[in-house]
Amino acid sequence: MNSDHVEVDWAAYRAEFPSVERTTFLNTCSLGALSRRSRAAVNQFLDLWELHGASAWYRTWLGECAALRASFERLVGAPSGSVALAPSVGVALGVIASSYDYRARPKIITTALDFPTIPYQWLARPECEVVILPSDDGISVPLERYQAALDERVALVATSHVFFTSGYIQPIAEIARLAHQVGAHALIDGYQGAGQVAVDVVAHDLDFYMSGGLKWLLGGPGIVEFYARPALIDTLQPTLAGWFGHREQFQFDPEHFAFHEDARKFEVGTPALAAVYAARAGLDLLLEIGQAQVQARTAELVADLVARLRERGAELKLPSNLREHAGIVMLRADDPAAVVRHLREHTILVDHRPGYVRVSPYFYNTVEDNAAFVAALE
Ligand SMILES: Cc1ncc(COP(=O)(O)O)c(C=O)c1O
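Per the working numbering: the sequence shown = residues 21 to 398.
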């Protein structure tokens, strides 16, 4: 992605998103706004379905899946052939988790602030010991806790790029470095990171990095992309398999199975094509704007929102250093669900997590959106 400073016509990009024009849309961390481009892309898929039926697979749809993988590779700085598709983070984790032999290394390190689908993946495996690192402030987990928990019995550290209930940006390169010191792997759930926060999977020396359409990548539900380090693609053998992971998929040979040589070995079955189309349109829009621009704009809007809320004396749960803070602002409330319901009546879209209203501005928002939200809180 382009990181040089360039002027961006934010009003033009805002106009790409009818949702943000029709509502005060401050909930990207739950579900990103629908763009005209994603809607048009899904229509294109529907037209192909209507006109060509299954022949569109060969003519177009397999190519569309390849293009989506390539766009994600560009976004996260991954080499060609190192990204796979899955229907959800849960399934991506499942395929990866199925590739490990836990006898010598049964431990998985995760944290109390991660999205629970991460620990669930290994809690469902009786052969694994899941270590959940606590957080003292509900915002972050100190690096020393990772260090203290890591030993030669750890297979993976599986944690988030950005925590979903604090917006804290974890030092993922440091976490990977600590994991590698004891021969463990680093798996980063970037669902709240990629798109709004820059990532370079090679420079950060990550083993796995995943994200998907739902939130900051603006592609809606049903599709996840994940990077796997090429050396691990060569050595890991998933025990969850399907015809999309087979090198000779269209031979329909039930007696022999040979994995793809690239990251597609982690794919299982037919992808949700409508989601692939929507996701690629969202990702390409982000690539067009540029990661640095999106991140800087989002940081400005977050700082503006925090300042407005502080002025009102609101109780916030925030990292103290704004540079460690992505686009998720947690506002203390006695009855957050009631606040969210009330705001919805004013077409202001936010959501809640226990004890907090959760607000997330993105590049398509404006300071006026922040002001409308703060005014409606009165
Ligand atoms: C950090 C994080 N990971 C994962 C998910 C979702 O996982 P899945 O794709 O399995 O539904 C979410 C939110 O929906 C999330 O915030």
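Quick reminder that beta carbons are idealized off the backbone N, C-alpha and C, glycines included.
Exercise. Nearest-angstrom Cα distance between F45 and A76?
Worked result: Within the sequence shown, numbered from 1, the residue matching residue 45 stands at position 25. Within the sequence shown, numbered from 1, the residue matching residue 76 stands at position 56. Their Cα atoms are separated by approximately 35 Å.
For this session: Compare the Cα-Cα distances from A292 to each of A117, G233, S119 and L342 and report the closest residue.
Result: As a position in the sequence shown, residue 292 is number 272, starting the count at 1. Among A117, G233, S119 and L342, the Cα nearest to that of A292 belongs to G233.
Exercise. Are Y297 and Q64 touching if we call contact CB-CB under 8 Å?
Worked result: Position 277 of the sequence shown, counting from 1, holds the residue named residue 297. Position 44 of the sequence shown, counting from 1, holds the residue named residue 64. In this structure, Q64 lies closer than 8 Å to Y297 by Cβ.
Exercise. Residue range of the beta strand (DSSP E) that E149 falls in?
Worked result: As a working note, residue 149 is residue 129 in the sequence shown. E149 to L153 is the span of the beta strand (DSSP E), which, as asked, contains E149.
Exercise. Going by other Cβ atoms of all chains shown within 10 Å of its Cβ, with 16 needed for buried, is D121 buried or exposed?
Worked result: Here the question's residue 121 lines up with position 101 in the sequence shown. With fewer than 16 other Cβ atoms within 10 Å, it is exposed.
For this session: Give every residue of the same chain whose Cβ lies closer than 6 Å to the Cβ of R249, excluding the five residues on either side of it in the sequence, and list them in chain order.
Result: The residue given as residue 249 occupies position 229 in the sequence shown. Here the set comprises D227.
Problem set entry | Alpha-carbon spacing of A223 relative to M230, whole angstroms | Counted from its first residue, the sequence shown places residue 223 at position 203. Counted from its first residue, the sequence shown places residue 230 at position 210. Approximately 16 Å between the Cα atoms of the pair.
Problem set entry | Proximity below 8 Å, CB of A295 to CB of A61 | Locating residue 295 in the sequence shown gives position 275, counting from the first residue. Locating residue 61 in the sequence shown gives position 41, counting from the first residue. Cβ atoms of A295 and A61: not closer than 8 Å.
Exercise. Just reading off the alpha helix (DSSP H) that V161 is part of, what are its end residues?
Worked result: In the sequence shown, residue 161 corresponds to position 141, counting from 1. Here V161 belongs to no alpha helix (DSSP H), and DSSP marks it neither H nor E.
Exercise. For V96 versus V182, is the C-beta spacing smaller than 8 Å?
Worked result: Numbered from its first residue, the sequence shown carries residue 96 at position 76. Numbered from its first residue, the sequence shown carries residue 182 at position 162. No; because the gap between Cβ atoms is not below 8 Å, this pair is not in contact.
For this session: Starting from the C-beta of V26, find all residues in its chain whose C-beta is less than 6 Å away, skip the five residues before and the five after it, and write them out in chain order.
Result: Counting from 1 along the sequence shown, the entry for residue 26 is found at position 6. So the list is empty, once near-sequence residues are dropped.
Exercise. When you compare only the Cα positions, how much space is there between A358 and T367?
Worked result: By one-based count along the sequence shown, residue 358 stands at place 338. By one-based count along the sequence shown, residue 367 stands at place 347. About 14 Å.
Problem set entry | Assigned secondary structure, H276 (DSSP; H/G/I helix, E/B strand, else coil) | Translated into positions along the sequence shown, residue 276 becomes position 256. If DSSP states are grouped into helix, strand and coil, H276 belongs with coil.
For this session: Below 7 Å CB to CB, which residues in the same chain sit around Y384 once its five sequence neighbours on both sides are set aside?
Result: As a working note, residue 384 is residue 364 in the sequence shown. Counting only Cβ-Cβ distances below 7 Å, and skipping sequence neighbours, we find Y33, R34, F37, V40 and A53.
For this session: Please state if the CB of P154 and the CB of A132 are separated by a distance shorter than 8 Å.
Result: Within the sequence shown, residue 132 is the residue found at index 112, counting from 1. Within the sequence shown, residue 154 is the residue found at index 134, counting from 1. Yes; because the gap between Cβ atoms is below 8 Å, this pair is in contact.
Problem set entry | Same chain, Cβ closer than 8 Å to T259, neighbours up to 5 away in sequence not counted | Taking the sequence shown and counting its residues from 1, the one referred to as residue 259 is at position 239. Within the same chain, T259 has close Cβ partners S118 and S119.
Exercise. Hey, V150 and P136 are a contact pair by Cβ (cut 8 Å); roughly how many whole angstroms apart?
Worked result: Here residue 150 refers to the residue found at position 130 of the sequence shown. Here residue 136 refers to the residue found at position 116 of the sequence shown. 11 Å between Cβ atoms; not a contact.
For this session: Run through the segment 59-88 for me and flag every whole beta strand (DSSP E) of 3 or more residues, listed as ranges in chain order.
Result: none
Problem set entry | Neighbourhood of Y188 by C-beta distance below 8 Å, restricted to the same chain and skipping five residues each side | The sequence position of residue 188 within the sequence shown is 168, counting from 1. Cβ within range, chain order: L133, I159, S160, V182, P339, E344, H345 and A346.
Problem set entry | Cβ neighbours of V103 in the same chain (closer than 7 Å, five flanking residues each side left out) | Taking the sequence shown and counting its residues from 1, one reaches residue 103 at position 83. Around V103: R89, F92, E93, E245, F246, Y247 and A283.
Problem set entry | T461 versus S55, I152, W263 and A299, residue with shortest Cα-Cα distance | Since the displayed the chain opens at 21 and closes at 398, residue 461 lies outside it and no answer follows.
Exercise. Could you give the residue range of the beta strand (DSSP E) that holds E287?
Worked result: Here residue 287 corresponds to residue number 267 of the sequence shown, with the count starting at 1. First-last for E287: undefined, no H or E at that position.
Exercise. Does the distance from the CB of I348 to the CB of Q190 come in under 8 Å?
Worked result: As a first step, residue 348 is located in the sequence shown; it is residue number 328 there, counting from the start. As a first step, residue 190 is located in the sequence shown; it is residue number 170 there, counting from the start. The answer is no: Cβ separation not under 8 Å.
For this session: Please list, in chain order, all residues of the same chain as L325 whose beta carbon is under 7 Å from its beta carbon, the five residues on each side excluded.
Result: As a working mapping, residue 325 is identified with position 305 in the sequence shown. Result list for L325: V349, V379, P381 and N390, in chain order.
Exercise. How many angstroms separate the CA atom of K127 from the CA atom of R364?
Worked result: Mapped onto the sequence shown, residue 127 falls at position 107. Mapped onto the sequence shown, residue 364 falls at position 344. The alpha-carbon atoms of K127 and R364 are separated by roughly 43 Å.
For this session: Give the C-beta separation of Q315 and V219 to the nearest angstrom, bearing in mind that I take them to be a contact with Cβ-Cβ under 8 Å.
Result: Along the sequence shown, one-based indexing puts residue 315 at 295. Along the sequence shown, one-based indexing puts residue 219 at 199. The pair is not a contact, with the Cβ atoms about 11 Å apart (cut-off 8 Å).
Problem set entry | Near ligand 1: S155 beta-carbon under 7 Å from a heavy atom | For the purposes of this step, residue 155 is taken as residue 135 along the sequence shown, with counting starting at 1. Checking the Cβ of S155 against ligand 1 gives no.
Problem set entry | Through-space distance from D171 to V195, alpha-carbon basis | Translated into positions along the sequence shown, residue 195 becomes position 175. Translated into positions along the sequence shown, residue 171 becomes position 151. For clarity, residue 195 is Ile in the given sequence; the question names Val instead. If you take the alpha carbons of I195 and D171, they lie about 13 Å apart.
Exercise. Hey, would you say the C-beta of D282 is under 7 Å away from at least one heavy atom of ligand 1?
Worked result: Translated into the one-based positions of the sequence shown, residue 282 becomes position 262. No, Cβ of D282 sits at least 7 Å from all heavy atoms of ligand 1.
Problem set entry | Which of helix, strand or coil DSSP assigns to S180 | Residue numbering aside, residue 180 sits at position 160 when the sequence shown is read from its first letter. Strand, per DSSP.
For this session: Could you check which residue in H280, I243, L397 and E331 has the C-alpha nearest to that of L105?
Result: Counting from 1 along the sequence shown, the entry for residue 105 is found at position 85. Looking at the Cα atoms, I243 is the closest of the given residues.
Exercise. Which value, in whole angstroms, describes the spacing of the CA atoms of V360 and L369?
Worked result: For the purposes of this step, residue 360 is taken as residue 340 along the sequence shown, with counting starting at 1. For the purposes of this step, residue 369 is taken as residue 349 along the sequence shown, with counting starting at 1. When rounded, the distance between both Cα atoms is 8 Å.
For this session: Enumerate in chain order the residues of its own chain whose CB-to-CB distance from T386 is below 6 Å, with the five nearest sequence positions on each side excluded.
Result: Position 366 of the sequence shown holds residue 386. No residues qualify anywhere along the chain.
Exercise. Where in the segment 234-261 do unbroken runs of the beta strand (DSSP E), each at least 3 residues long, occur, reported from the N-terminal end onward?
Worked result: 244-248
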